[in-house]
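*Asks:* One structure is given below, represented as structure tokens, and several questions about it will come after.
Protein chains: 4
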Amino acid sequence: MIRFENDYTEGTHKQILKRLIETNEEQTPGYGTDEHCKNARAYIRSECDAENADVHFLVGGTQTNTTIIASILRPYQGVISAITGHIEGHETGAIEATGHKVLTLPSDDGKIQAAQVKELNDAHWNDDAHEHTVQPGLVYISNPTENGTTYSKAELEELSNVCRECNLPLMMDGARLGYGLASIGNDLSLADIAKLCDVFYIGGTKIGALFGEAVVIVNDDLKKDFRYMIKQKGGLLAKGRLLGIQFETLFEDGLYYEISKHAVEMSIMIRDAFVEKGFSLRYDSMSNQQFPILPDDVIMELNKKYTNSFWEKVDDTHSVVRFCTSWATKKEHVEMLVEDITALDI
Amino acid sequence: MIRFENDYTEGTHKQILKRLIETNEEQTPGYGTDEHCKNARAYIRSECDAENADVHFLVGGTQTNTTIIASILRPYQGVISAITGHIEGHETGAIEATGHKVLTLPSDDGKIQAAQVKELNDAHWNDDAHEHTVQPGLVYISNPTENGTTYSKAELEELSNVCRECNLPLMMDGARLGYGLASIGNDLSLADIAKLCDVFYIGGTKIGALFGEAVVIVNDDLKKDFRYMIKQKGGLLAKGRLLGIQFETLFEDGLYYEISKHAVEMSIMIRDAFVEKGFSLRYDSMSNQQFPILPDDVIMELNKKYTNSFWEKVDDTHSVVRFCTSWATKKEHVEMLVEDITALDI
Amino acid sequence: MIRFENDYTEGTHKQILKRLIETNEEQTPGYGTDEHCKNARAYIRSECDAENADVHFLVGGTQTNTTIIASILRPYQGVISAITGHIEGHETGAIEATGHKVLTLPSDDGKIQAAQVKELNDAHWNDDAHEHTVQPGLVYISNPTENGTTYSKAELEELSNVCRECNLPLMMDGARLGYGLASIGNDLSLADIAKLCDVFYIGGTKIGALFGEAVVIVNDDLKKDFRYMIKQKGGLLAKGRLLGIQFETLFEDGLYYEISKHAVEMSIMIRDAFVEKGFSLRYDSMSNQQFPILPDDVIMELNKKYTNSFWEKVDDTHSVVRFCTSWATKKEHVEMLVEDITALDI
Amino acid sequence: MIRFENDYTEGTHKQILKRLIETNEEQTPGYGTDEHCKNARAYIRSECDAENADVHFLVGGTQTNTTIIASILRPYQGVISAITGHIEGHETGAIEATGHKVLTLPSDDGKIQAAQVKELNDAHWNDDAHEHTVQPGLVYISNPTENGTTYSKAELEELSNVCRECNLPLMMDGARLGYGLASIGNDLSLADIAKLCDVFYIGGTKIGALFGEAVVIVNDDLKKDFRYMIKQKGGLLAKGRLLGIQFETLFEDGLYYEISKHAVEMSIMIRDAFVEKGFSLRYDSMSNQQFPILPDDVIMELNKKYTNSFWEKVDDTHSVVRFCTSWATKKEHVEMLVEDITALDI
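Chains as they are written, first to last, in the numbering used here: chain X, 2 to 347; chain R, 2 to 347; chain D, 2 to 347; chain U, 2 to 347.
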């Protein structure tokens, strides 16, 4: 079985593995105070053109979202998110478990618009009884989104402006950030993101690392005591150097971008195959996830050789499924899939 | 200014006031362990035909909702509610503050249907990755709803059946329960509710009392240690006898029903006046709240003499406002309002 | 049975009852936005010589402690308290339920010393791994304490100085504050307290009111959005005017002080009787609670006529019990008790 | 510098590293549903002689403690722990952040006695106002303790009996469990622990793995929905197979025991050196941590070559420091340390 069900089916990139082997017997202090973490922080700050940013390393995405959001909000505040956001629907209520409501905005493609944020915020403050409702305290976006779509620089600037006007910090979930930066047509850089967001993270788990997410806190007001939050939420890895080593390797020489680019190229091959065969796509994704709308018997046929994720029913005979590529996706596997799509008898 | 903005603008019913005066110098033990609470519990159990029910007295609605819901749910569970439910939009995230998500169902009139509950519950359990999402753990309804509508006996039976089939306790927020029982066409009794719900509460704050909500726990599984929950959530009134005295008075001789009936009669007079004048109603309420859709200049005209609550904008020149009546509403005030509505120059 | 078990065995002071009767039919807006609350706030500000203080009214003590503390602390901070503090041992973990640890200091008499606070705070910050431990974020004291003892002005000044030096807000639980102000030898005024504390509350439940605690927020940094916190924690009373009316009555003309003084006089009569009979006192209380150490058979004898609270076992044949007086304690009852103590055959 | 400051200064055991390399390109499903996790679960169940136990893999200790404890307790319950317990003092209030109080018992050596648990539990239930206090809901012990001491089989049996009598689940924090099993004089096996505890975990982070803790839930009542808890608390590793691979390697052939034994041998060499030199030990540890009481100038001398952890001041000139060994400790380093201790000029 060839796996396209998600972007974390393999271990780690060979260069990272090599570095883990080389450093395995080193003795280091714990909890992210080692030299590798220091180096990784420096590389990331430099890449983000944000010399004053605080950089922290956590293990996984849910943990990272929870820790950031809980560190920012006051008890009666909520986080604004697309209804499709990972924090709203796929983290078992982790945000609510820290006491906070997710204030959802409708979205068909995973993105939210600046005007939606403004409207929700204004509605709150224009309500005479606003203290009877949850106060908006933060805006959460993911880029690329859960649907593979990405924000353009213009869109992110507009969001950022509205957020600053509304006094709402802007947070970007970058669990797949590399794939967003590598997506076709992307005009955002890490430095842009660092300028436009207050806090964001650079995903490693799905992009080459065994695990790991690098949190970049740009806004000074959000920096204080963040390590207490990481520890309390169970995210302070004892052997923190493992995170340092991985992000060092990903960022010392452009590996992160390079492997992201590969994943997107593989993804576009799959996209093109489906489109050429005449299938529609549920979302217009130029990153590493593709969401074709397929007849259920086609899905069954493909499932014999390729895992993918069921996404949603469209009608009695059609469904959307998700094909993910990653840094580890083998070109011969994609070629085989493309061939099989092309050969489908429909 | 004559107030129709809500149903808690006055103090308490004169019979309750009389009893508070008579008992003022009595010495009683605290925290609801006194004779008045004991009597009130007996009256309520009898009225609900539920001799084994546990009855607890709390001070206000938000506190009561939070305490009940937090006592039932496991940490990863959420409560299903209409999107219009009080817990979703008007309690400053009190439910989330105890760690739980509100799982919303769309609703135009404040009610939810059995089929909606079943669909949401099935969708959760049919999801292969269900542990990545919040598990439904409880169904919350309000009766009458925040929109003045009420559940028929058939509807409540259907909901109750689905809930039992899905192993979901059913909770009724009865902050205005008396007005629901007195609403035109209602075919539900307290005994029916006690049979069909697992836990519910009988509102006093809005129906004759200075304050107070009587929680009735019918399902044995939900009874354990509820007093710990009340205390922890700040709802265990030191002078608990105040709650006992008030509910004793409301239930020893039918006062609760009688004063609820009055409020509904006053409400229907207002409803009829708006309808006869040709105005539409946003919701078809037969209880103590009316939601006419009015031209904004009519609202401004009425606002000169009568307070009401702004509900929502309909278009550039029309809005919905809410007129509430209560046990304390004076007939002459309603007659004056009706006269003024009838005389409107439109 | 004559009750000395606590200070909330009766209803309310007759002047408050009178005002509740007089105002019962008034129509007011809800949630503390009425004129009575406005007046009460003004009286309290004036009495505290703190014209810029925010004053809020809540229903009960546990609710008030929880709301204040949760509004101040960041998620990883805890509140410093004497191990005897009400929040540590008698509120069913209400503070922890909002996510915060109570950092306890040893205390034999219910009070804590400035040096203890300083030592705990320094120990935290001197620990290299301080982010692995709960950060002190607030100091909680009660005055009078749960043991009837009180802080002198010098002691409170010293605490206040240390707190400011450590950047820790100082909060006073004043559930029995009137009895503290009236205690023999007290040299603190409300104005002193407002100068030395950042936030405190003036208890009504135990001093003349049916219920109610008046929170005074002096420190500007702690004022923001407090009404959201009250609502979320279930403490925003719908008929807020009830709180306004009660505190209006207590503070418009010195009633609060006068009835507190009576309670303390009654308490000292009881104290003197025990001491003259040769019994020791567990705590040196000059306020409204007395804690004699008595032979168990004496306790059984007194229990035939007078309720009191069991406090703790001292040895196989002796225990401490608590006798409380209050604004409502009748002098003839105290005289009867004194007589019975004096006549004890020991 | 040679590091004895903790037991997580190196990467992972070479056999684990080998297996990570071999399996790196395998494609597996995520979140612990892969074959490696399945195998590891089988090995652990077999080792524990607990075929029906549920076995889950988490990343780190704080996360594991929080997830287990929050999954068991009802909102008003607390966890009983030695005051020296990791959850009480070194996890930044993680337990409180899930809403629960830690109910501490005094302990000089890190252990608690059955009689202490019984006394605390009885005191709660004998209190007439028990619902005003936190209900004991679980007993937490660590073995070996934070002080290196261990429970004998007889002690654990006694604790287990009291817990079952009191209806309190017993949980063992086994972050260093291997070192406990290998400690000199230990008479407990994993099978004993599985029989006597309701839930426990087998630490990997400190014993050969890069990271990872294996939770064993023996009591059927505690098994339900645990994966929801892991996900919500951020502990469900995307590439769960990493945990499976590591525990497979540790348990397929006794590696866990073997490397634990090495660490303890190294520790005893250090212990003996200090004792022979005439120094006292703060705790009588036969596992992998040693706590000598040393003159401060000796500590400064040793610090030139060897890191260790400051534990506590004893007097003006003496302190306790902790020396940790681990699976990775090199014998030549220990021999060098022993030599330097022996050569100390005191």
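Ideal Cβ placement from N, Cα and C applies to all residues, glycine included.
Just so you know, these numbers come straight off a predicted model, no measurement behind them.
Do you know how far the Cα of D:C167 is from the Cα of U:A95?
*Replies:* Reading the fourth sequence from its first residue, position 94 is the one you call residue 95 of chain U. Reading the third sequence from its first residue, position 166 is the one you call residue 167 of chain D. Cα to Cα, U:A95 sits roughly 24 Å from D:C167.
*Asks:* By DSSP, does D:D174 sit in helix, in strand, or in coil?
*Replies:* The residue given as residue 174 of chain D occupies position 173 in the third sequence. Reduced to three states, the DSSP call for D:D174 is strand.
*Asks:* Show which residues of chain D have a CB atom less than 8 Å away from the CB atom of U:V135.
*Replies:* Taking the first residue of the fourth sequence as 1, we reach residue 135 of chain U at position 134. Chain D residues near U:V135: T93, G94, E97.
*Asks:* To test your reading of the DSSP string, which unbroken alpha helix (DSSP H) runs of 4 or more residues are found completely within the segment 9 to 83 of chain X?
*Replies:* 15 to 24, 36 to 48, 62 to 73
*Asks:* What does D:T320 pair with, by DSSP beta-bridge criteria?
*Replies:* Locating residue 320 of chain D in the third sequence gives position 319, counting from the first residue. Per the sequence shown, residue 320 of chain D should be read as Ser rather than Thr. D:S320 pairs with D:L295, D:K314.
*Asks:* List the residues of chain R that X:Y90 touches, going by C-beta distances under 7 Å, in chain order.
*Replies:* Taking the first sequence and counting its residues from 1, the one referred to as residue 90 of chain X is at position 89. It is worth fixing the name first, because residue 90 of chain X is Gly in this sequence and not Tyr. In chain order: T134.
*Asks:* Taking Cβ-Cβ distances shorter than 7 Å, what residues in chain X pair up with D:Y229?
*Replies:* Residue 229 of chain D sits at position 228 when you count from the first residue of the third sequence. Chain X residues near D:Y229: Y77, E132, Q136.
*Asks:* Near U:Q117, what residues of its chain come up, given a Cβ to Cβ distance below 6 Å and the 5 sequence neighbours on each side ignored?
*Replies:* Numbered from its first residue, the fourth sequence carries residue 117 of chain U at position 116. These residues qualify, in order along the chain: L106.
*Asks:* What residues are listed by DSSP as bridge partners for X:Q136?
*Replies:* Numbered from its first residue, the first sequence carries residue 136 of chain X at position 135. DSSP, once it has assigned bridges, lists X:Q78 as partnering X:Q136.
*Asks:* Could you tell me which chain R residues have their CB closer than 8 Å to the CB of D:N309, listed as they occur along the chain?
*Replies:* Position 308 of the third sequence, counted from the first residue, corresponds to residue 309 of chain D. By Cβ distance, chain R contributes nothing, its closest Cβ being about 12 Å from D:N309, past 8 Å.
*Asks:* Bridge partners of U:E214, per DSSP?
*Replies:* Position 213 of the fourth sequence, counting from 1, holds the residue named residue 214 of chain U. Beta-bridge pairing links U:E214 to U:L59, U:G204.
*Asks:* Would you mind listing the beta strand (DSSP E) stretches within the segment 77 to 119 of chain R that are 3+ residues and don't spill past its ends, in chain order?
*Replies:* 78 to 83, 103 to 106
*Asks:* Going by beta-carbon coordinates alone, are R:K224 and R:I231 separated by less than 7 Å?
*Replies:* To locate residue 224 of chain R, count along the second sequence from 1; it is residue 223. To locate residue 231 of chain R, count along the second sequence from 1; it is residue 230. Going by C-beta atoms, R:K224 is not nearer than 7 Å to R:I231.
*Asks:* List the residues of chain U that D:K102 touches, going by C-beta distances under 7 Å, in chain order.
*Replies:* For the purposes of this step, residue 102 of chain D is identified with residue 101 of the third sequence, where counting begins at 1. Ordered by position in chain U, the residues that pass the 7 Å Cβ test against D:K102 are G94, E97.
*Asks:* Who are the Cβ neighbours of D:C49 in its own chain at under 7 Å, not counting the five residues just before and after it?
*Replies:* Start at 1 with the first residue of the third sequence, and residue 49 of chain D comes out as number 48. The answer, listed in chain order, is L191, A192, A195, V217.
*Asks:* Just to make sure I have the definition right: I need the residues of chain U whose C-beta is within less than 8 Å of the C-beta of X:I22. Which are they?
*Replies:* Walking along the first sequence from the start, residue 22 of chain X turns up at place 21. Here the neighbours are L18, I22.
*Asks:* Who are the neighbours of D:T10 on chain R, taking C-beta pairs under 7 Å?
*Replies:* In the third sequence, residue 10 of chain D corresponds to position 9, counting from 1. Near D:T10 (Cβ distances below 7 Å), the residues of chain R are Q28, T29.
*Asks:* At the 7 Å Cβ level, is X:N127 part of the contact set with chain U, yes or no?
*Replies:* Residue mapping note: residue 127 of chain X aligns to position 126 of the first sequence, counting from 1. Output row for X:N127: interface = no.
*Asks:* Counting only beta-carbon separations shorter than 7 Å, does D:K224 have a partner in chain X?
*Replies:* Here residue 224 of chain D refers to the residue found at position 223 of the third sequence. No, because no Cβ of chain X sits closer than 7 Å to the Cβ of D:K224.
*Asks:* Note down, in chain order, each residue of its chain lying with its Cβ closer than 6 Å to the Cβ of R:I203, except the 5 sequence neighbours on either side.
*Replies:* Translated into the one-based positions of the second sequence, residue 203 of chain R becomes position 202. So the qualifying residues of the chain are G175, L178, A215.
*Asks:* Strictly by DSSP, which residues pair up with X:T308?
*Replies:* Here residue 308 of chain X refers to the residue found at position 307 when the first sequence is read from its first residue. X:R4.
*Asks:* Provide the residue span of the alpha helix (DSSP H) that contains D:L169, from first to last.
*Replies:* Numbered from its first residue, the third sequence carries residue 169 of chain D at position 168. Element bounds for D:L169: n/a, residue is neither H nor E.
*Asks:* Which term fits U:E249, buried or exposed, when burial requires 16 or more other beta carbons within 10 angstroms of its beta carbon?
*Replies:* For this step, residue 249 of chain U is matched to residue 248 along the fourth sequence. So U:E249 counts as buried.
*Asks:* With 7 Å set as the bound, which would you pick, yes or no: does the beta-carbon of X:K232 sit closer than that to a beta-carbon of chain U?
*Replies:* For this step, residue 232 of chain X is matched to residue 231 along the first sequence. Chain U contact via Cβ: present.
*Asks:* Along chain U, in chain order, which residues have C-beta atoms closer than 8 Å to that of R:A71?
*Replies:* In the second sequence, counting from the first residue as 1, residue 71 of chain R sits at position 70. Those within 8 Å of R:A71 in chain U are P76.
*Asks:* Any idea which residues DSSP pairs X:C325 with across the strands?
*Replies:* As a position in the first sequence, residue 325 of chain X is number 324, starting the count at 1. X:C325 is bridged to X:Q290.
*Asks:* Under 8 Å, with one C-beta from each stretch per pair, do the segment 129 to 136 of chain D and the segment 75 to 89 of chain D reach the 3-pair mark?
*Replies:* yes
*Asks:* Rounded to a whole number of angstroms, what is the C-alpha to C-alpha distance between R:D188 and X:L121?
*Replies:* Position 187 of the second sequence, counting from 1, holds the residue named residue 188 of chain R. Position 120 of the first sequence, counting from 1, holds the residue named residue 121 of chain X. Cα to Cα, the separation comes out at about 40 Å.
*Asks:* Thinking C-alpha only, which one of R:Q136, R:Y180, R:Q28 is nearest R:T326?
*Replies:* Here residue 326 of chain R is taken as the residue at index 325 of the second sequence, counted from 1. Measuring from the Cα of R:T326, the nearest candidate turns out to be R:Y180.
*Asks:* DSSP has D:L282 in a bridge; who is on the other side?
*Replies:* Numbered from 1 along the third sequence, position 281 holds the residue referred to as residue 282 of chain D. Answer is D:P293.
*Asks:* Should the segment 82 to 98 of chain U be called in touch with the segment 97 to 114 of chain D, which here means at least 3 C-beta pairs below 8 Å?
*Replies:* They touch, by the three-pair rule.
*Asks:* Can you tell me whether D:R272 is buried or exposed? The criterion is at least 16 other CB atoms within 10 Å of its CB, across all chains shown.
*Replies:* As a working mapping, residue 272 of chain D is identified with position 271 in the third sequence. Label assigned to D:R272: buried.
*Asks:* Contact criterion: CB-CB distance below 7 Å. Does R:K240 meet it with respect to chain D?
*Replies:* The sequence position of residue 240 of chain R within the second sequence is 239, counting from 1. R:K240 counts as touching chain D.
*Asks:* Comparing C-alpha positions only, which one of X:L59, X:Q291, X:C38, X:F201 sits nearest to X:V321?
*Replies:* As a first step, residue 321 of chain X must be located in the first sequence, where it is residue number 320. Minimum Cα distance to X:V321 is reached at X:Q291.
*Asks:* Could you list which residues in chain R have their beta carbon closer than 9 Å to that of D:V80, in chain order?
*Replies:* Walking along the third sequence from the start, residue 80 of chain D turns up at place 79. The contacting residues do not exist; D:V80 stays about 16 Å from chain R at best.
*Asks:* Compare the C-beta of U:V60 with all C-beta atoms of chain X and state if any pair is closer than 7 Å.
*Replies:* Within the fourth sequence, numbered from 1, the residue matching residue 60 of chain U stands at position 59. Taking Cβ atoms only, chain X reaches closer than 7 Å to U:V60, which makes this a yes.
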